[in-house]
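Positions 0 to 336 (numbering that gives the first Met the number 0) are the ones given, in order, by the sequence shown. Glycine included, each C-beta is placed from N, C-alpha and C at the ideal position.
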Amino acid sequence: MADVENVIIIGSGPAGYTAALYTSRANLNPLVIEGFMWGGLLQQTTDVENYPGFPDGIMGPELMTKFRDQAEKFGSKFITDQATAVELSDEPGGVHTVHVGSDVYRARTVVLAMGAEHKKLGVPGEEELSGAGVSYCATCDAAFFKDQVIMVVGGGDSAMEEAMFLAKFGRKVVLVHRRDEFRASKIMLERARAMENIEFKTPYAPTAFLEGDGAFKRIARLRHSETGESEDVEIGGAFIAIGHMPQSEIIAGQIETDEEGYVKVDGRSTRTNKPGVFAAGDLVDHTYRQAITAAGSGTQAALDAEWYLRDTPEVPTPEGLPVGDLAKAQWAAPRAT
Ligand code: NAP
């Protein structure tokens with residue numbers, strides 16, 4: 000049977016890898032359950048121009064590889080697989096369990112950093128055409144729709160950003176939003192409106208996506224939000240930009256979340272309602288959602304976990320596992336700085 004780890008980090012975006020970097024530099028030998036698609040949403044982007052320290056910009060996947068390499072350099076261990084279930088202890092000093100399929104891992108502290116995923120419309124054809132005409136990432140897929148008519152769905156800043164990016168590739172971008180008012184910031188809306196090949200179509204919402212005829216041709220079936228009238232629009236592809244959903248399924252019923260599923264933390268800390276369980280990044284934050292803010296909260300979670308291990312007396316496991324040896328060694332040794 001495995002020892003009990005000091006820290007298990009679930010997730011591998013900027014929050015997860017930064018928590019790994021800090022806890023590994025504190026000699027806590029963190030175990031990162033990073034998923035198959037490690038690196039989070041930044042793996043789906045191209046140029047990142049707003050991450051400090053890279054004045055010429057850096058590609059998203061390259062940035063995430065650097066995050067991972069830096070955490071590995073100081074002793075982080077990785078499991079490139081999905082966490083499938085957790086049992087989180089209610090007891091201060093208790094041991095938490097994380098399942099990865101049939102494998103079981105235990106730890107004194109857990110950092111939840113599973114991030115968020117793109118929200119789906121949930122209409123017929125969306126899933127079937129996903130990756131084949133329906134996309135959630137303009138920077139990943141725009142090049143497939145060169146000179147075509149491209150639909151963007153949504154009325155927030157993400158939709159404006161996607162539309163403006165896609166307008167450089169497509170013949171025309173049709174931006175479909177279910178209301179006449181927009182949630183997007185004024186400046187983003189004005190910029191999008193100023194682009195000649197972006198057409199605004201409101202108040203409409205897609206009710207289905209269908210195969211059309213000819214290469215790359217799809218049909219978006221739209222419904223007028225007020226009259227209920229239906230209209231078919233022929234498109235090359237559609238990009239859905241209606242916000243994000245926190246990936247909090249595996250902690251449902253154990254960790255307190257808000258009504259949208261974002262984890263609730265105690266004040267400005269990363270402490271959740273369970274002792275020894277901390278949360279960081281987009282799983283908590285539906286406002287800022289930047290790589291740099293996620294990395295910052297990963298740092299906070301690492302420090303919260305480190306202080307918790309230092310200050311919380313251990314509760315022995317029923318099986319008499321060799322609990323906390325690494326933590327004891329850590330506190331006996333001089334502090335890494
Ligand atoms: P958002 O602000 O929550 O906007 C989501 C949009 O999608 C809303 O207009 C919403 O319509 C629509 N929507 C939601 N569910 C829908 C459904 N089932 N069917 C049709 N439409 C639906 O999300 P976001 O645009 O991703 O932005 C999130 C945050 O990131 C914001 O704080 C934003 O400012 C920030 N952000 C900033 C930038 C930037 O500054 N460069 C870029 C991207 C994002 P309703 O309005 O009718 O609810």
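- In this structure the segment 69-81 does not touch the segment 286-296; the number of beta carbon pairs closer than 8 angstroms is below three.
- Going by C-alpha positions, Thr286 is about 11 angstroms away from Gly280.
- Distances between the C-beta of His223 and the heavy atoms of the ligand NAP are all 7 angstroms or more.
- Ala278: member of the beta strand (DSSP E) spanning Val276 to Ala278, first to last residue.
- At the C-beta level, Leu120 and Gly10 stay beyond 8 angstroms of one another.
- Annotated as proximal: Ala115 and Met244, with beta-carbon spacing under 8 angstroms.
- Comparing alpha carbon positions, the residue from Tyr21, Phe143 and Val314 closest to Ala237 is Phe143.
- Counting only residues of its own chain and dropping the five nearest sequence neighbours on each side, Ala84 has a CB closer than 7 angstroms to the CB of His98 and Ile249.
- By the criterion of a C-beta distance shorter than 6 angstroms, Gly169 is surrounded in its chain by Phe144, Gln147 and Ile149, once the five residues flanking it on both sides are discounted.
- For the pair Gln69 and Gly52, the Cα-to-Cα distance works out to about 15 angstroms.
- Close CB contacts of Tyr135 within its chain, under the 6 angstroms cut and outside five residues either way in sequence, are with His117 and Ile239 (chain order).
- Between Phe208 and Val152, the beta carbon gap of about 10 angstroms keeps them out of contact (Cβ cut-off 8 angstroms).
- From the listed residues Gly154, Tyr203 and Thr44, the smallest Cα separation to Ser184 is found for Gly154.
- For Ser184, the shortest separation between its Cβ and any heavy atom of the ligand NAP lies below 7 angstroms.
- In summary, Met36 is exposed, with fewer than 16 beta-carbon neighbours lying within 10 Å of its beta-carbon over all protein chains present.
- Here Glu4 is bridged, per DSSP, to Ala106.
- Considered as a whole, the segment 185-257 harbours 185-192 as its complete alpha helix (DSSP H) runs of no fewer than 4 residues, in chain order.
- Around the C-beta of Ser101, fewer than 16 other C-beta atoms lie within 10 Å, and the residue is accordingly described as exposed.
- The three-state reading of DSSP puts Thr96 in strand, counting E and B together.
- Cβ contact annotation for Ile57 (same chain, cutoff 6 angstroms, sequence separation greater than five): Val47, in chain order.
- If you compare the alpha carbons of Asp284, Arg267 and Gly275 with that of Asp257, the shortest gap goes to Asp284.
- Counting of Cβ neighbours within 10 angstroms places Val103 among the exposed residues, the total staying below 16.
- Less than 8 angstroms divides the Cβ of Thr206 from the Cβ of Val122.
- Between Ala304 and Gly242, the alpha-carbon positions lie close to 30 angstroms from each other.
- The ligand NAP has no heavy atom closer than 7 angstroms to the beta-carbon of Ser268.
- Counting along the chain, Phe164 sits inside the alpha helix (DSSP H) bounded by residues Asp156 to Leu165.
- Taking 7 angstroms as the cut-off, one finds no heavy atom of the ligand NAP near enough to the beta carbon of Glu61.
- Within a 10 Å sphere around the beta-carbon of Glu90 sit fewer than 16 other beta-carbons, which makes this residue exposed.
- Collapsing the DSSP output to three states places Ser134 in a strand.
- For Leu174, the CB stays at least 7 angstroms from every heavy atom of the ligand NAP.
- Under DSSP, Ser129 shares a beta bridge with Val133.
- Per DSSP, reduced to three states, the secondary structure at Asp46 is strand.
- In the structure shown, the three-state DSSP call for Leu120 is coil.
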